[in-house]
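Engineer:
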Ligand code: C2E
Ligand code: MG
Ligand code: MG
Ligand code: MG
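Residue numbers (full-length UniProt numbering): 579 to 853.
Spelled out as structure tokens, the structure:
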């Protein structure tokens with residue numbers, strides 16, 4: 579399509595495409611170097627329960643400070659890593675880093691690590707998880723993996739085998755950005771899912787249009803025996819609404835923004851002695 583437009587005389591379009599491709603290529607190269615030089619980092623955002631009977635979790639979120647461009651959003655560079663064939667290596671790095679950090683906390687909180695659909699499809703996820711747990715010494719029960727619904731458009735039997743094995747060794751499975759994907763919901767019945775993370779957009783929508791959507795998701799989660807996390811909670815009104823619905827966990831800036839590893843350690847150490 580770019581070529582067609584180019585022939586029809588839109589030079590600026592071609593130039594913009596060229597510039598975009600150069601940027602992606604350059605970022606791919608830079609990301610490869612960052613991975614080799616340990617120039618990536620992970621921050622941790624608290625996910626706090628509304629009932630004392632549940633343990634807190636921390637979501638591991640990747641950060642990349644590009645030497646010239648500054649902070650690049652993980653939404654952008656995860657896609658770049660997938661295109662550049664780097665997602666396996668990147669995914670292993672995050673897993674190992676996150677397990678080691680969790681082990682340094684003075685409590686038994688769970689660390690929740692995002693996993694891209696490509697990692698699941700590659701067939702390497704199970705080995706990578708087992709290796710990260712073994713290397714770090716983190717008990718499997720303290721690791722949760724966050725998958726998006728985009729995974730479930732692929733061969734569901736193959737995915738079920740991987741997830742069933744992960745669940746058998748004690749690793750928990752969460753569905754991230756729940757409700758935003760296009761996949762059929764039948765996977766809820768087939769896969770060992772512990773947690774549904776309700777996308778921030780539903781929390782925002784509930785403020786204006788009412789909480790029917792949240793209630794429906796909550797009802798479904800209860801039906802399948804899943805716990806529910808509300809993501810991206812930012813203000814007291816949202817918090818009050820989610821409390822009244824008995825949503826199991828809250829995550830968002832109203833509790834805490836993502837914390838640097840040292841601050842995450844302080845948070846967890848102090849939480850341990852408050853309890
Ligand atoms: P996600 O997994 O849904 O993560 C939640 C995102 O919401 C994070 O953005 C977090 O910083 C942000 N957030 C948290 N609280 C609030 C809030 O109160 N308000 C708003 N507006 N946003 C909030 P972040 O860190 O930029 O990550 C974006 C996405 O990148 C993640 O979405 C996840 O899909 C992906 N990602 C991040 N780290 C990794 C990783 O290690 N591996 C993979 N595969 N994907 C990752
Ligand atoms: Mg996530
Ligand atoms: Mg999410
Ligand atoms: Mg989200």
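Beta carbons: idealized from backbone N, C-alpha and C, even for Gly.
Taking all protein chains shown into account, do 16 or more other C-beta atoms lie within 10 angstroms of the C-beta of residue 800, making it buried, or fewer, making it exposed?
Structural biologist: For the purposes of this step, residue 800 is taken as the residue at position 222 of the chain shown. Exposed: under 16 other Cβ atoms inside 10 Å.
Engineer: Kindly say whether residue 639, judged by its beta-carbon, lies nearer than 9 Å to any beta-carbon of chain D.
Structural biologist: Here there is only one protein chain, and chain D is not present.
Engineer: Taking any heavy atom of ligand 3 as the mark, which residues have a C-beta closer than 6 Å to it, listed down the chain?
Structural biologist: With 6 Å as the limit, the residues whose C-beta approaches a heavy atom of ligand 3 more closely than that are 754, 755, 775 and 809, in chain order.
Engineer: Ligand 1 and residue 737: does any heavy atom of the ligand fall closer than 8 Å to the residue's C-beta?
Structural biologist: Position 159 of the chain shown, counted from the first residue, corresponds to residue 737. The answer is no for residue 737.
Engineer: Taking all protein chains shown into account, do 16 or more other C-beta atoms lie within 10 angstroms of the C-beta of residue 692, making it buried, or fewer, making it exposed?
Structural biologist: Walking along the chain shown from the start, residue 692 turns up at place 114. The residue is buried, with at least 16 neighbouring Cβ atoms inside 10 Å.
Engineer: Can you grab the Cα-Cα spacing for the pair residue 582 / residue 675, in whole Å?
Structural biologist: Indexing the chain shown from 1 puts residue 582 at position 4. Indexing the chain shown from 1 puts residue 675 at position 97. Below a pLDDT of 50, predicted positions are generally treated as unreliable, and residue 582, at 48, falls in that range; the measurement from the model is reported next regardless. Cα to Cα, the separation comes out at about 46 Å.
Engineer: Decide if residue 530 is buried, meaning its Cβ has at least 16 other Cβ atoms within 10 Å, or exposed.
Structural biologist: Not covered by the structure: residue 530. The range shown for the chain is 579 to 853.
Engineer: So for residue 851, helix, strand or coil by DSSP?
Structural biologist: As a working mapping, residue 851 is identified with position 273 in the chain shown. Helix at residue 851.
Engineer: Is residue 829 buried or exposed, if buried means 16 or more other CB atoms sit within 10 Å of its CB?
Structural biologist: Locating residue 829 in the chain shown gives position 251, counting from the first residue. Answer is buried; the Cβ neighbour count reaches 16.
Engineer: Can you tell me whether residue 579 is buried or exposed? The criterion is at least 16 other CB atoms within 10 Å of its CB, across all chains shown.
Structural biologist: Counting from 1 along the chain shown, the entry for residue 579 is found at position 1. Any reading at residue 579 is ruled out, since the residue's pLDDT is 44, under 50, leaving its predicted position unreliable.
Engineer: Just to confirm, is the Cβ distance from residue 688 to residue 680 under 9 Å?
Structural biologist: The count along the chain shown starts at 1 and reaches residue 688 at position 110. The count along the chain shown starts at 1 and reaches residue 680 at position 102. For residue 688 and residue 680, yes; Cβs fall inside 9 Å.
Engineer: Mind checking residue 726: buried by the 16 CB within 10 Å criterion, or exposed?
Structural biologist: Indexing the chain shown from 1 puts residue 726 at position 148. With 16 or more Cβ atoms within 10 Å of its Cβ, residue 726 is classed as buried.
Engineer: If we call anything under 9 Å between Cβ atoms a contact, is residue 770 one with residue 742?
Structural biologist: Position 192 of the chain shown holds residue 770. Position 164 of the chain shown holds residue 742. In this structure, residue 742 lies closer than 9 Å to residue 770 by Cβ.
Engineer: For residue 809, count the other beta carbons within 10 Å of its own beta carbon; 16 or more makes it buried, fewer makes it exposed. Which is it?
Structural biologist: Residue numbering aside, residue 809 sits at position 231 when the chain shown is read from its first letter. Buried, by the Cβ-count rule.
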